[in-house]
Structures are given as structure tokens and as C-alpha cells.
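J.: Sequential numbering of the sequence shown, starting at 924, is according to my numbering. All C-beta atoms, glycine included, are put in the ideal place defined by N, C-alpha and C.
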Amino acid sequence: MNLFITIVLLSCVIVLGDWRNWKSYHPTMLYIALCNLTYNFITGSKKLWVFVSPFLGHNVTDALYIFVVTPAIAFLFLSKYPPRHRLVYILGFAIAFSLIEWIQHEAGFITYQHGWSFGWSVQFYLVMFPMLRLHHRLPVVAYVLSVGITYFYMKVFGFA
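The structure is reproduced here in C-alpha cells:
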């Protein structure tokens, strides 16, 4: 399932991505990869969610999400970011990726642990997509806010 999602996402990126301006999205693609790496570093062996794959090991699946899936999501999100109806656009992405995660969870390809739940994932997506846009426009502000958001999650889930 994780490999399938990666292939479908990359197909969407190839077809729908704004390739003429990919360099302007690249810093935000690195930002989301860094955020994902930070999550993996902070949580260590106490992961809040774990991807399950019958074909790929946990570390390979994590690497796929860190270096391919999340940067592709950022690229796709920023490629089509509209000048108007931004809230609807952000909500659409949050709903779409929440639905994808719900299917993954129901199919057993993602498990929640240590207090994380699907509700936390939905809330996270509602924060993540505006943060991607903020990073694209005002990276320093996004990094400062990211520290605060990270600290919040660390407190809630017992890492701080």
C-alpha cells in the first residue's frame, strides 16, 4: 500500500507539478523532509505512528516517506496553490490526505501508538499544509513556529 501510494503520488506530481518553478518549491520540500527527520529523531523507538509494509522494512518505508512522499506532497501542494479560495484548497488537501491515511489505517498499513490517533493526524494535516505555504513565503517565520509546534507535540506526547 505504501509503495502504491508513492507511485500514485509521483504520477500526480509528474502530471500536475509546476516543473517550470520547481526550484522555488525546493526549499519547502527540504523543510518538510527535515521536519519528518526531526520527528524520527525525537521519537526514536517510541514512534507515534508506524508504517507497515509487507514488502519494505520499517526503515525503508520511513526513508521513502522522508525523502520521496513528503517532498512530493509539498511540491504538489505548492504547484497548484490558488490565488483565491485558499482555505478551501488547504481543507481539500487536509481532507484528501486524511482520507488516504484512514484507508491505510483501516487496511493495517499504518498503526497508531503512544496516544496518537486518527484525530491527531487530521489536526496535524490542518497545521502542516498552512505551514508549507508559510515556509514557501516566509521561511524564517515557519521555522520559528515549527519549534513551538514541535515543543507542543513533545509535551502532549511525553517527549519533553
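1) Does the separation of the CB atoms of M1054 and A1065 fall below 9 Å?
2) Would you decide whether N925 is buried or exposed? Buried here means 16 or more other CB atoms lie within 10 Å of its CB.
3) Does T973 come out as helix, strand or coil in the three-state DSSP assignment?
4) Ordered along the chain, which non-local residues of its own chain (more than five positions away) have a Cβ less than 6 Å from that of S1044?
5) Taking C-alpha atoms, which residue in S968, S947, I1033, I965 lies nearest to T984?
6) Within this structure, are the beta carbons of T951 and L1001 separated by less than 9 Å?
7) Spatial neighbours of R1060 within its chain, please: CB distance less than 8 Å, with the 5 preceding and 5 following residues excluded, ordered by chain position.
8) Just verifying my parser: in three-state terms, what is the DSSP assignment at Y1004?
9) Between which two residues does the beta strand (DSSP E) harbouring I937 extend?
10) Quick check on the burial criterion: 16 or more other C-beta atoms within 10 angstroms. Buried or exposed for A995?
11) To the nearest angstrom, how far is it from the Cα of E1029 to the Cα of F1041?
12) Hey, I1013 and L1049: beta-carbon distance below 9 Å or not?
13) In chain order, what are the residue ranges of uninterrupted beta strand (DSSP E) at least 3 long that sit wholly in the region 984 to 1037?
14) Which class does L957 belong to by DSSP, given the choice of helix, strand or coil?
15) Is the beta carbon of T993 less than 9 Å from the beta carbon of N959?
T.: Reading off the structure:
1) Sequence index remark: in the sequence shown, residue 1054 carries index 131 (1-based). Sequence index remark: in the sequence shown, residue 1065 carries index 142 (1-based). Taking 9 Å as the Cβ cut-off, M1054 and A1065 qualify as a contacting pair.
2) As a first step, residue 925 is located in the sequence shown; it is residue number 2 there, counting from the start. With 16 or more other Cβ atoms within 10 Å, it is buried.
3) Translated into positions along the sequence shown, residue 973 becomes position 50. Checking the sequence shown, residue 973 turns out to be Val, not Thr. Three-state DSSP puts V973 in a strand.
4) The sequence position of residue 1044 within the sequence shown is 121, counting from 1. Cβ neighbours of S1044 beyond the five flanking positions: E1024.
5) Working through the sequence shown from its first residue, we reach residue 984 at position 61. Per the Cα distances, I1033.
6) For this step, residue 951 is matched to residue 28 along the sequence shown. For this step, residue 1001 is matched to residue 78 along the sequence shown. Yes, the pair counts as a contact, with Cβ atoms nearer than the cut-off.
7) By 1-based counting over the sequence shown, the position of residue 1060 is 137. Cβ neighbours of R1060 beyond the five flanking positions: none.
8) Within the sequence shown, numbered from 1, the residue matching residue 1004 stands at position 81. Three-state DSSP puts Y1004 in coil, outside helix and strand.
9) Stepping through the sequence shown from its first residue, residue 937 is reached at position 14. From DSSP, I937 is part of no beta strand (DSSP E) but of the alpha helix (DSSP H) over 925 to 939.
10) The residue given as residue 995 occupies position 72 in the sequence shown. Classification of A995: buried, given that the 10 Å Cβ count is 16 or more.
11) In the sequence shown, the residue the question calls residue 1029 occupies position 106. In the sequence shown, the residue the question calls residue 1041 occupies position 118. Near 10 Å, if we compare the C-alpha coordinates of F1041 and E1029.
12) Numbered from its first residue, the sequence shown carries residue 1013 at position 90. Numbered from its first residue, the sequence shown carries residue 1049 at position 126. A contact, by the Cβ cut-off of 9 Å.
13) 1033 to 1035
14) For this step, residue 957 is matched to residue 34 along the sequence shown. It is helical.
15) In the sequence shown, the residue the question calls residue 993 occupies position 70. In the sequence shown, the residue the question calls residue 959 occupies position 36. Yes, Cβ-Cβ distance for T993 and N959 is below 9 Å.
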